[in-house]
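In our numbering, the protein residues as written are 109 to 526.
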């Protein structure tokens, strides 16, 4: 007969899979069953059934619950390593077949996706440009992008590089070897992974190790001493005017305008203009491209709907960006509503600043999730604060607490389970 250990193993494995499925169904951004996840579960089920069968035939006395998990993990890890190496070799071959393509590397703690999009848009007036999509910025993501989507006639490839630890940017840099590099503002984003701001700076500076580096522009926050081909950036900007209608600024005695929001975007645009000029674009074409520039989705993106002014800043998770959204909102003459979970993966002191400023600016502060509720409760007036237990009730809440003529700011959207 099948042993009690075997029965228990089957029950635990099935229970684990069922619980994962139920948890997935509850999330507003559910787990995607990628090929990797599917391969792991196939391995898990296979080894569970295999060991139960071996137990039944040979009466083995084994750790029936733990063993299938260990074997499934080891097998799937080995498969993933082999597949990943295959993807890497394929991407390397494709890049080698495009020797004349110029690569621009972009990294920052804040704003790297926006900088990447701005560079791609400006350069598109003169070059066949392709940029890594959305917020794809990991080594695996870049490999997949090269293999699946990089057009063979691309003249300029703009690559966003992100990091959760030391060596992450080095890995991407050594693979694509950018000719031109931009390092935007550096700050304590994801500091829980790095441990210190110094380690964050050092990791971002890995992008300068490109073997083909011709020129780089690095924000002053990197505290880097300029050398012949590496320029510091930040002091060139002046006369910055940011309103709900757009952005104006001066750089190198030239005036620029763009229909995007946020004073911090003057820096992002300034860096993008430096790249454009390095690639011999003239001033008229640059300004024309700025005038047709669209905001990066979900990053201080303005929408007018139902008589309400909506600012979608749901992908912006840093304090500087959030405060800029608050400052812009404060210029609005009508009623103002904030919807946010607060900041995630930061020290409480930053959320205290956010809560206090939110209390000054907004008429209604809607907090999504439990993570920062008690902290906001201590710093936001009770008659302003609304707690949204589940995003399933978002529409009901908007009907109840907003009306035509309101400004609604969605700041740092996050899954409801936090």
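Heads up, the beta-carbon is just placed ideally off N, CA and C, and yes, glycines get one too.
Compare the Cα-Cα distances from residue 213 to each of 383, 299, 426 and report the closest residue.
383
Take residue 431 as the anchor and find which of 460, 413, 441, 497 has the nearest alpha-carbon.
460
Can you pull the DSSP bridge partners for residue 349?
Beta-bridge pairing by DSSP links residue 349 to 356.
Less than 7 Å between the C-beta atoms of residue 219 and residue 292, yes or no?
yes
Nearest to residue 476 by CA position, among 510, 444, 520, is which residue?
It is 520.
Residues that residue 238 bridges to, as DSSP identifies them:
265
Straight-line Cα distance separating residue 205 from residue 234
22 Å
For residue 180, count the other beta carbons within 10 Å of its own beta carbon; 16 or more makes it buried, fewer makes it exposed. Which is it?
buried
Per DSSP, residue 327 forms a beta bridge with which residues?
Beta-bridge partners assigned by DSSP to residue 327: 341.
Per DSSP, residue 516 is paired with what?
418, 445
Relative to the alpha-carbon of residue 308, which residue among 410, 398, 299 has its alpha-carbon at the smallest distance?
299
Looking at the structure shown, is residue 308 part of a helix, part of a strand, or coil, going by DSSP?
helix
Cβ-based burial, residue 224 [other Cβ within 10 Å; buried from 16]
Taking all protein chains in view, the Cβ of residue 224 is crowded by 16 or more other Cβ atoms within 10 Å, so the residue is classified as buried.
Please state the DSSP three-state secondary structure of residue 412.
strand
Proximity of residue 297 and residue 426 at Cβ, strictly below 7 Å:
yes
Where does residue 292 sit, in a helix, a strand or coil, going by DSSP?
DSSP places residue 292 in coil when its eight states are reduced to three.
Proximity winner among 209, 239, 210, relative to residue 222 (alpha-carbon distances)
239
Would you grab the beta carbon distance between residue 330 and residue 294 for me? Rounded to a whole angstrom, and I think it's under 8 Å.
5 Å
Are residue 465 and residue 434 closer than 7 Å when you measure CB to CB?
yes
Return the Cβ separation of residue 280 and residue 250 in integer angstroms, given the expectation that the two are a contact with Cβ distance under 8 Å.
6 Å
What residues in its chain sit with their C-beta under 8 Å from that of residue 421, if we drop five residues either side in the sequence?
406, 407, 408, 409, 429, 430, 433, 517, 518, 519, 520
CA-to-CA distance, residue 282 to residue 440, given in whole angstroms:
Roughly 47 Å separates the two Cα atoms.
Name the one or two DSSP bridge partners that residue 555 has.
Any answer about residue 555 is impossible in this case: the structure gives the chain only from 109 up to 526.
Residue closest to residue 368, alpha-carbon to alpha-carbon, out of 226, 158, 197, 245
226
Quick check on residue 366: does DSSP put it in helix, strand or coil?
Residue state, collapsed to three classes: strand.
Starting from residue 495 and walking both ways along the beta strand (DSSP E), at which residues does that stretch end?
Going by DSSP, residue 495 is part of the beta strand (DSSP E) stretching over 493-496.
Looking at the unbroken alpha helix (DSSP H) that takes in residue 250, where does it start and where does it end?
247-256
For a quick check, are the C-beta atoms of residue 443 and residue 514 less than 7 Å apart?
yes
Considering only DSSP beta bridges, list what residue 473 is partnered with.
446, 493
So is residue 191 buried or exposed if we call it buried at 16+ other beta carbons inside 10 Å?
exposed
From the DSSP output, read off the bridge partner residues of residue 230.
Note: residue 230 sits in no beta bridge, so no partner.
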